[in-house]
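Below is one structure; the comments refer to it alone.
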């Protein structure tokens, strides 16, 4: 069963600068370590169990699933859902029409030398970014996610992730099949977009498509393709947006 958002992936060009800038935004940022794939990260844990992953390449890897998104400006590049049964939820997404990899082990070596291990099932091809990737921990989740989840800016959790799409019907079909319930119709006049919302655990997933091929969502899809567009937090100053220069292109706001 899907339990909620595990984490959001934010691609950055310079990890050290991103750590400093997110700290300036009032977040508690913890260095995460290095992956075998040539990336390194830092983590921002939230009190509701989700976290933000700031990720950068310390070695070039044009074949990596997030390399192209970083080349186009970075910011929000992917989202991961937590599951209590990775095999079953992978099969459920496949039955719903999503191309998913077989569960594959991965590892990150923390700065203290401890190897954190997990297993991923990844959405592939043109569905990547619109569909999620899924995770199951091999080492304890508390070893992967840092305990520091209090932030000077007052953020307590993740409220919603907004995902841009050319046609939300595809995502609606996936999630209705996997969750076994209908989504809620969604209208966003500020983005000149309409779509559908699903609640997964404590979090909302909002899928939006442009009404006339224009507006912010249309522009985003044209330049970046379908994928995460913005995220809202619980806590903090209601309605306030974080400075995109300090968030390294990620559209993040409170309330």
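Residue numbers (the numbering used here): 2 to 256.
Beta carbons: idealized from backbone N, C-alpha and C, even for Gly.
Proximity below 7 angstroms, CB of residue 196 to CB of residue 187:
As a working mapping, residue 196 is identified with position 195 in the chain shown. As a working mapping, residue 187 is identified with position 186 in the chain shown. Yes.
List the whole-angstrom C-beta distance separating residue 238 from residue 253, where the pair is believed to meet the contact cut-off of C-beta under 8 angstroms.
As a working mapping, residue 238 is identified with position 237 in the chain shown. As a working mapping, residue 253 is identified with position 252 in the chain shown. Contact flag wrong, Cβ pair sits at about 12 angstroms.
Cβ of residue 178 within 7 angstroms of Cβ of residue 222?
Working through the chain shown from its first residue, we reach residue 178 at position 177. Working through the chain shown from its first residue, we reach residue 222 at position 221. It is not a contact, given that the beta carbons lie outside the stated cut-off.
Mind checking residue 246: buried by the 16 CB within 10 Å criterion, or exposed?
By one-based count along the chain shown, residue 246 stands at place 245. Here residue 246 is exposed. Its C-beta has fewer than 16 other C-beta atoms within 10 Å.
Taking one C-beta from the stretch 11 to 20 and one from the stretch 44 to 60 each time, how about it: are there three or more such pairs within less than 8 angstroms?
Verdict: yes, contact present.
Hey, how far is the Cα of residue 263 from the Cα of residue 125?
Since the displayed the chain opens at 2 and closes at 256, residue 263 lies outside it and no answer follows.
7 angstroms Cβ cutoff met for residue 67 and residue 12
Taking the first residue of the chain shown as 1, we reach residue 67 at position 66. Taking the first residue of the chain shown as 1, we reach residue 12 at position 11. In this structure, residue 12 lies closer than 7 angstroms to residue 67 by Cβ.
Just list the alpha helix (DSSP H) runs in the stretch 32 to 88, keeping only unbroken ones of 4 residues or longer that don't cross its boundaries, in chain order.
Those alpha helix (DSSP H) runs which fall completely within the stretch 32 to 88 and span 4+ residues are 68 to 72.
Within the chosen definition, does the stretch 149 to 157 reach the stretch 107 to 126 through at least 3 CB pairs nearer than 8 angstroms?
Proximity of the stretch 149 to 157 to the stretch 107 to 126 falls short of the contact definition, fewer than three beta-carbon pairs being nearer than 8 angstroms.
Comparing alpha-carbon positions, which option in 189, 168, 201 lies nearest residue 182?
Here residue 182 corresponds to residue number 181 of the chain shown, with the count starting at 1. Out of 189, 168, 201, 201 has the C-alpha closest to the C-alpha of residue 182.
Can you tell me which residues form a DSSP beta bridge with residue 211?
By one-based count along the chain shown, residue 211 stands at place 210. DSSP lists 194 as the beta-bridge partner residues of residue 211.
How many Å lie between residue 98 and residue 135 at the Cα?
Counting from 1 along the chain shown, the entry for residue 98 is found at position 97. Counting from 1 along the chain shown, the entry for residue 135 is found at position 134. Rounded to whole angstroms, residue 98 and residue 135 show a C-alpha spacing of 15 angstroms.
What does residue 221 pair with, by DSSP beta-bridge criteria?
For the purposes of this step, residue 221 is taken as residue 220 along the chain shown, with counting starting at 1. None; residue 221 has no bridge partner.
Pick out whichever of 162, 113, 8 has its Cα sitting closest to the Cα of residue 335.
Residue 335 falls outside the range modelled here, since the chain spans only 2 to 256, and no answer is possible.
CA nearest to the CA of residue 249, picked from 23, 108, 172, 30
Along the chain shown, one-based indexing puts residue 249 at 248. Answer by Cα proximity: 23.
Measuring alpha carbon to alpha carbon, tell me which of 27, 118, 152 ends up nearest residue 257.
Since the first residue shown for the chain is 2 and the last is 256, residue 257 is missing from the structure and cannot be characterised.
What did DSSP end up calling residue 1 once you bin it into helix, strand or coil?
It is not possible to answer for residue 1, since the shown part of the chain is limited to 2 through 256.
What are the residues that DSSP puts in a beta bridge with residue 119?
Position 118 of the chain shown, counted from the start, is the residue given in the question as residue 119. Beta-bridge pairing links residue 119 to 107, 138.
What would DSSP say about residue 171, mapped onto helix, strand or coil?
For this step, residue 171 is matched to residue 170 along the chain shown. Of the three classes helix, strand and coil, the one that applies to residue 171 here is helix, per DSSP.
Burial state of residue 204, where buried means 16 or more other Cβ atoms lie within 10 Å
Walking along the chain shown from the start, residue 204 turns up at place 203. By the 10 Å Cβ count, residue 204 comes out buried.
Sequence-distant residues of the same chain with beta carbon closer than 6 angstroms to residue 80, five excluded per side
By 1-based counting over the chain shown, the position of residue 80 is 79. Once the five neighbours on either side are set aside, the close Cβ partners of residue 80 are 9, 133, 162, 229.
Between residue 219 and residue 115, what straight-line distance do the alpha-carbon atoms span, to the nearest angstrom?
Here residue 219 refers to the residue found at position 218 when the chain shown is read from its first residue. Here residue 115 refers to the residue found at position 114 when the chain shown is read from its first residue. Approximately 43 angstroms between the Cα atoms of the pair.
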